[in-house]
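As numbered in the working numbering, residues 285 to 606 make up the sequence shown, in order. Think of the CB as a built atom: it goes at the ideal place given N, C-alpha and C, for glycine as much as any other residue. Please read these numbers as outputs of a predicted model, since none were measured by experiment. Shown next, in structure tokens, is the structure this report addresses.
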Amino acid sequence: MEQWRVFQAVVDYGGFSQAARQLHRSQSSVSYAVAKLQEQVGIPLLRIEGRKAVLTEAGEVLLRRSRTLLKDAGSLEELARSISEGWESEVRLVVDAAFPPELLMEALRRFMPLSRDTRVQLQEVVLSGAEELLLAGNADLVIGTSVPASHLGDLLMEIEFIAVAHPAHPLHQLDRTLTSQDLRDHMQLVIRDSGSRRRTDFGWLDAEHRWTVTSLDTAVTAVTAGLGFGWLPRHRISQALEQGRLKALPLNAGLTYTAPLYLVFRDQDNAGPATRALARVLNQICRGETAEEPDTSPDMSAFPTDGYPQASDSGNNGAQYS
């Protein structure tokens, strides 16, 4: 590896003496390293033209490959250092489907230069699925609708849900204020709780006719297609409402409601720096704060927790969509 590094320096700096000065080595040691490299690969990499060393055709090919090799080796060494300093190789992030996807993608974009090649394993869930994975130890960081009694959580935001249907839906054709009895006579789209222990499907559950789907995206598509009515996140359907592809139901009560989303660590006291960095970015995004300059210091204090909003009493009581 060192011989390839010296070889690159000879090419990049224009000669053996120039490379020796940049590498703080003697010219003879630089010449020896390149000669030894050529001997080992069995083909000439440089030829001398006058006083200049010029790449051979084989040298040009191997130079390109050697740059990739050294870059990968450097990344590998940096990753090893990061792990030895406490940086996680992976962060398991579980996010409730109600969290705005554009905020999630912006948070991940900001996290990338801080990550030190830490992988993010992202899983989308509904309702109690987030808490279930957290308590099972299968998540490092969770955005969910409730905070387990054994944990503390920070309120990130509240999501508004609104009852809607296609403009041509029979409920809109009644042309009057709607009651719960009106809703019972029509198909409702309900989203299944992804948890298995304390399942509470998402939606008004008193409808005589309902179809159950497994994702918010499917529910939005189905309601927009006129298959039924449902309560959907306003941020997911704002464009459809503006364009007239969906229309709010004229209910006499319960047109909208809000659901809180909390940020919860699996183990905040022992969370690694990558997990803390991702949590900090998520908080910044939800507060509307601008991105900070990347700080890749291994010092754990680079990712403080005392800047987070303190969890309120209500944060530990839990919340459900419906």
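Of the residues assessed, Val345 falls on the exposed side of the cut-off, its CB having fewer than 16 other CB atoms within 10 angstroms. In this structure, Asp424 and Thr540 do not form a Cβ contact; the two beta carbons are roughly 33 Å apart against a cut-off of 8 Å. Cβ contact annotation for Gly299 (same chain, cutoff 7 Å, sequence separation greater than five): Lys336 and Ala337, in chain order.
In the DSSP annotation of this structure, the continuous segment of the alpha helix (DSSP H) that includes Ile569 starts and ends at Pro557 to Arg571. Assignment of beta-bridge partners to Phe513 by DSSP yields Gln472. Between the segment 400 to 409 and the segment 454 to 473, the count of Cβ pairs shorter than 8 Å is below three; the stretches do not touch.
Shown here, Gln527 sits in coil according to DSSP, grouped into three states, outside any helix or strand.
In this structure, DSSP gives Phe383 a state outside helix and strand, which the three-state scheme calls coil. As computed with DSSP, Lys336 is found in a beta bridge with Glu333. Contact check for Pro544 and Glu442: beta-carbon distance about 5 Å, within the 8 Å limit, so the pair qualifies.
Put simply, the backbone Cα of Pro385 is about 26 Å away from that of Gly538. In the DSSP assignment, Ala319 falls within the unbroken alpha helix (DSSP H) covering Gln311 to Val325. Looking at the DSSP output, Ile521 sits in no beta bridge, so it has no partner there. Between Leu419 and Leu533, the C-beta gap is not smaller than 7 Å, which leaves the two residues out of contact.
Looking only at Ile332, Phe291, Val378 and Val404, the smallest Cα-Cα distance to Arg351 is reached by Phe291.
Between the segment 444 to 455 and the segment 425 to 436, the count of Cβ pairs shorter than 8 Å is below three; the stretches do not touch. Runs of the beta strand (DSSP E) lying entirely within the segment 393 to 472 and spanning at least 3 residues, in chain order: 403 to 409, 425 to 428 and 437 to 449.
By the Cβ neighbour-count rule, Ser312 is exposed, with fewer than 16 other Cβ atoms within 10 Å of its own. Judged by DSSP in its simplified three-state form, Ala537 adopts coil rather than helix or strand. A distance below 7 Å separates the beta carbons of Ile475 and Val410.
In the DSSP assignment, Arg494 falls outside any alpha helix (DSSP H) and lies within the beta strand (DSSP E) extending over His493 to Val497. With a beta-carbon spacing of about 29 Å, Leu566 and Ala447 fall beyond the 8 Å limit used to define contacts. For Ala414, the CB contacts under 6 Å within the same chain, skipping 5 residues up- and downstream, are Val378, Asp380, Val426 and Gly428 in chain order.
If you ignore the 5 residues before and after Val548, its C-beta comes within less than 7 Å of the C-beta of Leu418, Val426, Gly428, Val431, His435 and Gly437, all in its own chain and listed in chain order. Taking the CA atoms as reference points, Ala391 sits about 16 Å from Glu374. In the DSSP assignment, Thr542 forms a beta bridge with Glu444.
Annotation: the continuous alpha helix (DSSP H) that includes Glu286 extends over Glu286 to Tyr297. Inclusion of Val504 and Leu516 in the CB contact set at 7 Å is warranted, their separation being smaller than that value. With 16 or more other Cβ atoms inside 10 Å of its own Cβ, Gly343 counts as buried.
Between Phe383 and Glu361, the alpha-carbon positions lie close to 36 Å from each other.
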